[in-house]
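Peer 1: Quick note on numbering: the sequence shown equals residues -18 to 40 in the numbering used here. Note that the Cβ used here is the ideal one computed from N, Cα and C, for glycine as well. Here you go, one structure.
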Amino acid sequence: MEILKAIAYAGFGLLMYKIASAFLSNFFPVLAGIVGLSLLFWAVEVLPGAIRRGKKNKL
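Here it is, written out as structure tokens:
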């Protein structure tokens, strides 16, 4: 169940990355790159830690 949740979070992060980059690239291509990379970093770095902390809190 936790694996599915992690996949869903990763997919959501990727979706937000795509939306943000598509939306912003019309105006600021460089800014879109920065926002996209920061969202990607957030999805990769922050979410797994949050999921682990959530598991610890439940136990």
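So, at 7 angstroms on beta carbons, what are the nonlocal neighbours of Gly17 in its own chain, with the 5 sequence-adjacent residues on each side left out?
Peer 2: By 1-based counting over the sequence shown, the position of residue 17 is 36. Taking C-beta separations shorter than 7 angstroms and ignoring five residues to either side along the sequence, the partners of Gly17 in its chain run Tyr(-2), Ala1, Ser2, following chain order.
Peer 1: Classify Ala24 as buried or exposed, calling it buried when 16 or more other Cβ atoms lie within 10 Å of its own Cβ.
Peer 2: Reading the sequence shown from its first residue, position 43 is the one you call residue 24. Counting Cβ neighbours within 10 Å, Ala24 comes out buried, since at least 16 surround it.
Peer 1: On the CB-based measure, 16 or more other CB atoms within 10 Å of its CB, does Leu12 come out buried or exposed?
Peer 2: Translated into the one-based positions of the sequence shown, residue 12 becomes position 31. By the 10 Å Cβ count, Leu12 comes out exposed.
Peer 1: Please determine whether the Cβ atom of Met(-3) lies at a distance below 6 angstroms from any heavy atom of the ligand GDP.
Peer 2: Ligands are entirely absent from the displayed structure, and the ligand GDP is therefore not among its contents.
Peer 1: Which two residues bound the contiguous alpha helix (DSSP H) that contains Val11?
Peer 2: To locate residue 11, count along the sequence shown from 1; it is residue 30. Taken as a continuous stretch (DSSP letters only), the alpha helix (DSSP H) holding Val11 covers 10 to 22.
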